[in-house]
Amino acid sequence: MKTINQLPIYQIAPPRIARRSFLGGLAAGIASTSLTGRLHAASPNGEVRVAVLGAGGKGSQLASYLDKTRGAKVVMVADPDSGRAESTAAPYHAKAVVDLREAIDSPDVDAVLIATCDHWHCLAAIWAIEAGKDVYVEKPLAHNQWEGRQVVEAAAKHGRIVQLGTQQRSDPMQAQIREFLHSEKTLGEIHYVQANRLGLRGPIGKRSEPLAFPKGIDRDLWFGPAAVEPLYRNQLHYDWHWDWNTGTGEMGNWGVHILDDVRNVAYQDTQDLPDRITVGGGRVGWDDAGQTPNVHFALLETKTFPTMIALSNLPVEPKQKGAWKVSSASAADQWPQNAPGSGYVVVCEGGFYLGQRGSGQAVDRDGKVIRKFHENTDMIAEHLQNFIDAVQTRDASILKAPIENGHFSTGWCNLSNVAFRAGESFSQEQLMSQTDFAPWSQMVDSMTSCLTKYGIDPQTLKSCPTLVHDTASERFVGDNSDAANQFLRREYRSGYEVKAIS
Ligand SMILES: NC(=O)c1ccc[n+]([C@@H]2O[C@H](COP(=O)([O-])OP(=O)(O)OC[C@H]3O[C@@H](n4cnc5c(N)ncnc54)[C@H](O)[C@@H]3O)[C@@H](O)[C@H]2O)c1
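First residue of the sequence shown: 460, per the working numbering; consecutive thereafter.
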């Protein structure tokens with residue numbers, strides 16, 4: 460018997476009830492409509508007609524890649540910043556629109572590629588899925604963990620092809636590393652993983668008067684599901700990353716790439732979400748309007764070995780160029796000096812695997828390189844091609860980053876953010892006493908001692924005692940769970956609600 464994914468293109472996800480047109484709703488002055496699935500016409504030549512939603516740095520890059528992707532055509536670009544929409548659409552003679560609902564509603568669009576700010580990812584994905592479109596959505600899948608689960612449910616319910624933009628999953632190198640670590644077992648048992656994103660950023664300004672919303676950008680659409688709030692930073696675009704209302708901080712930005720690699724390579728995707736989360740961090744050394752931490756460290760414990768992640772956006776010393784270095788976690792597990800500042804170390808019985816985007820190497824306990832990994836792959840091109848191939852064949856099983864997997868990788872970051880937000884005054888002692896895992900204490904020591912070069916008292920950080928996460932219900936349980944669970948879901952603005960999918 461054929462499964463839903465084996466059915467010919469556009470023969471899946473029959474409509475449940477006729478839905479009102481978005482544009483009808485808009486024309487009537489209604490911000491949003493209730494969507495239900497419907498079929499849309501396939502392009503006559505089998506080409507997948509794609510609308511790019513979000514025309515910032517990433518959306519315009521993906522549009523240029525899509526233009527070269529076999530079987531794909533950029534037909535529409537949507538952005539509330541009309542100038543961005545137009546300039547991104549122009550090279551492809553695509554239609555530029557300000558309202559993504561026009562793209563989602565169009566019978567001339569088969570799939571959408573979502574490269575908006577994080578707060579829009581899930582709502583746009585669900586609207587598109589319910590309208591019968593396939594979806595490529597940028598990382599992180601979700602601005603909060605609950606809405607990511609709704610995307611997974613919607614994709615399953617409506618039988619759509621939905622991929623997360625974690626392009627490193629399309630690097631064939633990953634399979635070789637898995638083979639090396641788990642089948643050949645050249646380095647022996649895995650003890651734990653240290654993930655790092657120690658990369659520089661600067662403050663985003665702090666205005667005394669709110670930023671005048673730039674002309675030519677539809678404010679209501681830009682905020683969408685998020686609260687419409689005055690902005691005290693200097694620029695609207697990109698720096699939304701560092702505001703909880705619209706972004707997910709460095710954890711949801713770089714963290715998701717690195718933790719997705721760790722889930723893929725070190726855990727072979729056997730661990731969906733962590734069971735225990737212990738976190739410290741803060742936004743320190745800057746006096747700006749940002750809220751998300753620029754120093755963030757987490758211990759993520761699973762049913763097998765644990766992972767630690769260290770993020771910092773600060774230079775090694777004020778006004779210097781180099782990023783922080785997190786020192787080896789224990790005398791027994793001395794990492795090589797060249798451990799990636801943006802990547803991860805798989806600490807094994809017989810050596811270390813040092814992984815970063817596009818390359819990696821395994822070294823023994825004496826620091827001798829055993830094997831190097833590198834493929835000359837254009838990951839973005841491969842990942843988009845993988846999505847388009849899946850759309851054309853209606854075979855979701857070939858997706859390199861299927862959406863539930865993406866929900867889990869995003870979850871490692873979202874839960875670390877939740878723990879930070881639920882945290883209270885910093886207690887290094889409490890952080891260290893939460894676990895017997897000795898390398899964690901050394902990591903906390905290492906991170907806090909980096910602050911001394913700034914004259915920053917670690918007490919200005921926040922910490923959260925260990926949270927226990929029930930991976931079945933995707934809720935926190937036990938101590939502090941009430942404080943944490945409130946951050947698993949947001950309040951949505953009227954007309955832009957993500958509804959529970961049942
Ligand atoms: N996979 C990767 O390696 C990678 C790299 C960079 C960025 N990203 C992701 O891509 C996304 C965009 O990042 P960016 O750097 O381009 O940010 P950006 O701020 O430059 O662009 C975001 C764009 O989304 C637009 N937008 C806001 N509301 C919208 C709406 N309702 N409809 C359509 N567009 C809307 C904004 O006006 C803006 O032009 C982020 O989620 C980011 O995490 C992924």
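Here a beta-carbon is modelled for each residue, glycine too, at the ideal position from N, C-alpha and C.
Could you pull out every residue in the same chain whose Cβ sits closer than 8 Å to the Cβ of residue i, ignoring the five residues on either side in sequence?
i    : result
I960 : I585, Q609, E612, A613 and K616
G675 : D540, S541 and G542
C807 : L640, L646, G647, E648, I649 and H650
Q851 : I468, G505, V507 and G530
E883 : K921, S922 and C923
P799 : N655, L813, G814 and Q815
P673 : D540 and L695
K461 : Bear in mind that the predicted position of K461 carries a pLDDT of just 29, short of 50, making it unreliable; the figure below should be weighed with that in mind. Excluding sequence neighbours, K461 sits near nothing in its chain.
F946 : N603, N876, V877, R880 and A881
So which of the options has the shortest CA-CA distance to residue i?
i    : options                   : result
I636 : G817, T894, P924 and D904 : G817
N835 : L582, Q633 and N704       : Q633
N704 : A685, Q945, A849 and D677 : A685
Q627 : R949, G814 and S519       : G814
S629 : A583, Q945, G937 and H842 : H842
T707 : T869, L582, I768 and P795 : T869
V568 : W794, V534 and Q653       : V534
P917 : D904, Y691, S502 and P631 : D904
H578 : M838, H700 and G714       : H700
F879 : T925, D734 and M906       : T925
D895 : G802, L758 and Y697       : L758
V715 : N753, S875 and D941       : S875
S502 : A671, K592, A555 and C581 : K592
G661 : P631, K644, D679 and Q779 : Q779
R824 : P795, F832 and L718       : P795
L525 : L910, D941, A840 and C872 : A840
Q887 : V754, G739 and G826       : G739
K517 : K554, A549 and I573       : I573
P777 : K912, N693, C581 and V687 : K912
K644 : G741, A725, G618 and M838 : A725
D698 : T751, N797, F832 and E956 : T751
Am I right that residue i and residue j are in contact with their C-beta atoms under 8 Å? What's the rounded C-beta distance?
i    : j    : result
A537 : A510 : 6 Å
I663 : G607 : Wrong, their Cβ atoms sit about 26 Å apart, outside the cutoff.
T625 : K598 : 5 Å
R948 : N603 : 5 Å
V877 : A943 : 5 Å
A897 : N939 : A897 to N939, Cβ: 24 Å. No contact.
D677 : V557 : 5 Å
A544 : A587 : Contact doesn't hold; Cβ gap of about 17 Å is too wide.
V804 : Q653 : 5 Å
L582 : G683 : 7 Å
Keeping to the same chain, check which residues put their C-beta closer than 6 Å to that of residue i; ignore five residues upstream and five downstream.
i    : result
V621 : V594, A614 and I862
A500 : In this prediction, A500 has a pLDDT of 49, which is less than 50 and means its spatial position is unreliable; what the coordinates show is noted afterwards. Cβ neighbours of A500 beyond the five flanking positions: P566.
G809 : L646 and G647
H866 : L600, G607 and V611
R666 : Y691
G802 : G814 and Q815
F846 : Y595 and Q622
D929 : V936
With a threshold of 7 Å on Cβ separation, who are the neighbours of residue i within its own chain once the five nearest residues in sequence on each side are excluded?
i    : result
Q965 : Given that the chain is displayed from residue 460 to residue 961, the structure contains no residue 965 and the question cannot be resolved.
Q844 : T528 and R529
I915 : V743 and G744
L659 : N772, P774 and A782
M902 : F756, M767, A769, V785 and A788
A855 : N464, I620, A849 and P861
A522 : V511, V533, V536, T547 and Y551
P669 : P689, L690 and Y691
S900 : M891
W681 : P539
C872 : P599, T707, M710, G711, G714, V715 and L718
Q889 : S922 and P924
M906 : V754, F756, A769 and V785
P631 : E834 and T836
Starting from the N-terminal end, write out each residue whose C-beta falls within a distance shorter than 6 Å of any non-hydrogen atom of ligand 1. L512, G513, A514, G515, G516, K517, G518, A537, D538, P539, D540, R543, L559, A574, T575, C576, D577, W579, E597, K598, G624, Q626, L680, W681, G683, H696, Y697 and N712
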